[in-house]
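**Q** Residue numbers (UniProt numbering): 1 to 261.
Glycine included, each C-beta is placed from N, C-alpha and C at the ideal position.
1. Leaving out the 5 sequence neighbours to the left and right, which residues in its chain are closer than 6 Å to residue 258 when beta-carbon positions are compared?
2. Of all Cβ atoms in chain C, is any one closer than 7 Å to the Cβ of residue 202?
3. Using DSSP with H/G/I as helix, E/B as strand and the rest coil, what is residue 138?
4. Mind checking which residues open and close the beta strand (DSSP E) that includes residue 253?
5. In the DSSP assignment, find the unbroken alpha helix (DSSP H) run with residue 232 in it and report its ends.
6. By Cβ distance below 6 Å, which residues in the same chain neighbour residue 207 in space, the five residues on each side in sequence not counted?
7. Can you name, in chain order, every residue of its own chain whose Cβ lies under 6 Å from the Cβ of residue 171, other than the five neighbours on each side?
8. To which residues of the same chain is residue 69 closer than 6 Å at the C-beta, ignoring the five residues directly before and after it?
9. Residue 145 and residue 239 look like a contact to me (Cβ under 8 Å); what is the Cβ gap, rounded to whole Å?
10. What are the boundary residues of the beta strand (DSSP E) that includes residue 193?
11. Starting from the N-terminal side, write out each stretch of the alpha helix (DSSP H) that is 4 residues or longer and does not extend beyond the segment 117 to 187.
12. Check residue 205 in the structure and name its three-state DSSP category.
13. State the beta-bridge partners of residue 246 as determined by DSSP.
14. Hey, how far is the Cα of residue 177 from the Cα of residue 191?
15. Exposed or buried, what is residue 130 when buried is set at 16 or more other beta-carbons lying within 10 Å of its beta-carbon?
16. Buried or exposed: residue 127, going by 16 or more other Cβ atoms within 10 Å of its Cβ?
17. What number of angstroms, rounded off, separates the C-alpha of residue 254 from the C-alpha of residue 235?
18. Mind checking residue 142: buried by the 16 CB within 10 Å criterion, or exposed?
19. Using the beta-carbon count (16 or more within 10 Å), is residue 237 buried or exposed?
20. For residue 247, which residues of its own chain have a beta-carbon under 6 Å away from its beta-carbon, when the five flanking residues on both sides are left out?
21. Is it buried or exposed for residue 249, if we count other Cβ within 10 angstroms and need 16 for buried?
22. Quick one: using the 10 Å Cβ neighbour count with 16 as the cut-off for buried, is residue 217 buried or exposed?
23. Please work out which residues of its chain come closer than 6 Å, Cβ to Cβ, to residue 251, disregarding the five sequence neighbours upstream and downstream, and give them in chain order.
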C-alpha cells in the first residue's frame with residue numbers, strides 16, 4: 001500500500017521530490033525544509049510495477065516558501081497511483097514518492113555543475129521524461145528540458161537516499177533542495193523536487209524503467225488536494241528538470257525529479 005503526505009514550510013529555497021513505493025514532496029527553503037500538511041495516496045497495481053509481494057508505499061510532499069526575492073509555490077506529489085487512501089497489492093512493488101514545491105530565489109537557468117554519480121538508468125530517465133512531457137502537453141504546457149545541473153543534483157540525492165538515508169528530501173548532514181541545486185551549478189528562481197522508491201524489481205532496464213514510470217504515473221494520477229507531486233510536474237513555473245533513477249543491491253528503485261525555472 002502507498003501513502004503520501006505533503007508539507008509546507010518557509011524557506012529561502014524550495015524543493016520537491018517523487019519516487020516509487022514511497023513518495024515524498026519537499027518544498028523546504030535553501031537552508032532547511034519545513035513541513036506542513038500531509039496526505040496519503042495509493043495507486044493500483046497497473047500504475048505501479050509488480051513485485052513478488054505487496055509493499056506499503058509512502059509519499060509525502062513538502063512546500064517551501066519563496067526565497068528572499070521571488071516566491072514560488074511548493075507542491076508535492078506521490079508516485080503512488082491513487083490519491084489519499086493507501087492500498088497494498090500483493091503483485092505490485094511498493095512505491096513511494098514525495099514532491100517538494102518550487103522555491104523562488106534568483107535566476108532560473110542551470111550552470112556548470114560538478115559531475116554526478118554514474119549509477120543511473122538512462123532508459124528509465126527517457127521514459128519518465130516522455131511521460132512527464134506528454135502530460136504537460138495535454139495541459140497546454142511547454143515540455144521540460146533536461147538540465148545537466150539538475151541531473152547532478154537529483155543523482156546526488158538519489159545516491160544519498162539509497163546509501164542509507166531512506167526516502168527523504170533532506171538527509172542528515174545534507175543541504176536543502178535549493179542549496180543542493182545551487183551546489184550543482186543551477187541558477188534557479190523556482191525549484192521543486194519529487195522523490196520515490198519501490199521494489200524489489202529485477203535487475204533489467206525494462207523492470208527498472210517500469211517501476212520509475214509507474215511511480216511517475218502515480219504522481220500524475222493524484223487528486224486534489226493531495227496532488228503535490230502532480231502539481232510539481234504540471235507547474236508552469238518550471239522549464240527544466242533533472243531525473244535520476246537507481247536500483248540498489250536489494251532491488252529497490254530510487255527516483256528523484258528535481259525542477260527549476
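**A** With the given structure in hand:
1. Here residue 258 refers to the residue found at position 258 when the chain shown is read from its first residue. Cβ neighbours of residue 258 beyond the five flanking positions: 150, 153, 154, 193 and 242.
2. Absent from the structure is chain C; it holds one protein chain and no more.
3. Mapped onto the chain shown, residue 138 falls at position 138. Three-state result, residue 138: helix.
4. Here the question's residue 253 lines up with position 253 in the chain shown. Looking at the DSSP string, the run of the beta strand (DSSP E) that includes residue 253 is 253 to 260.
5. Along the chain shown, read from residue 1 onward, the residue named residue 232 stands at position 232. Here the alpha helix (DSSP H) through residue 232 covers 228 to 233.
6. Your numbering for residue 207 matches position 207 in the chain shown. Excluding residues within five positions, the ones whose Cβ falls inside 6 Å are 201.
7. For the purposes of this step, residue 171 is taken as residue 171 along the chain shown, with counting starting at 1. Cβ neighbours of residue 171 beyond the five flanking positions: 160 and 165.
8. One-based indexing of the chain shown puts residue 69 at position 69. For residue 69, the pLDDT reaches just 32, beneath the cut-off of 50, and the residue's location in the model is therefore unreliable, although a value from the coordinates is still provided. Excluding positions up to five away in sequence, the list is empty.
9. Within the chain shown, residue 145 is the residue found at index 145, counting from 1. Within the chain shown, residue 239 is the residue found at index 239, counting from 1. Rounded, the Cβ-Cβ distance is 7 Å, consistent with contact.
10. Taking the chain shown and counting its residues from 1, one reaches residue 193 at position 193. First-last of the beta strand (DSSP E) with residue 193: 191 to 198.
11. 122 to 138, 148 to 160 and 177 to 183
12. Here residue 205 is taken as the residue at index 205 of the chain shown, counted from 1. Here residue 205 sits in helix by DSSP.
13. The count along the chain shown starts at 1 and reaches residue 246 at position 246. 254.
14. One-based indexing of the chain shown puts residue 177 at position 177. One-based indexing of the chain shown puts residue 191 at position 191. Using only the alpha carbons, I get a separation of about 8 Å.
15. In the chain shown, the residue the question calls residue 130 occupies position 130. Exposed: under 16 other Cβ atoms inside 10 Å.
16. Indexing the chain shown from 1 puts residue 127 at position 127. Under this definition residue 127 is a buried residue.
17. As a position in the chain shown, residue 254 is number 254, starting the count at 1. As a position in the chain shown, residue 235 is number 235, starting the count at 1. Their backbone Cα atoms lie some 23 Å apart in a straight line.
18. If you number the chain shown from 1, residue 142 lands on position 142. The residue is exposed, with fewer than 16 neighbouring Cβ atoms inside 10 Å.
19. Numbered from its first residue, the chain shown carries residue 237 at position 237. So residue 237 ends up on the buried side.
20. The count along the chain shown starts at 1 and reaches residue 247 at position 247. Taken in chain order, the residues that qualify are 208 and 253.
21. Sequence index remark: in the chain shown, residue 249 carries index 249 (1-based). Residue 249 comes out exposed.
22. Your numbering for residue 217 matches position 217 in the chain shown. Counting Cβ neighbours within 10 Å, residue 217 comes out buried, since at least 16 surround it.
23. Counting from 1 along the chain shown, the entry for residue 251 is found at position 251. 199, 200 and 201.
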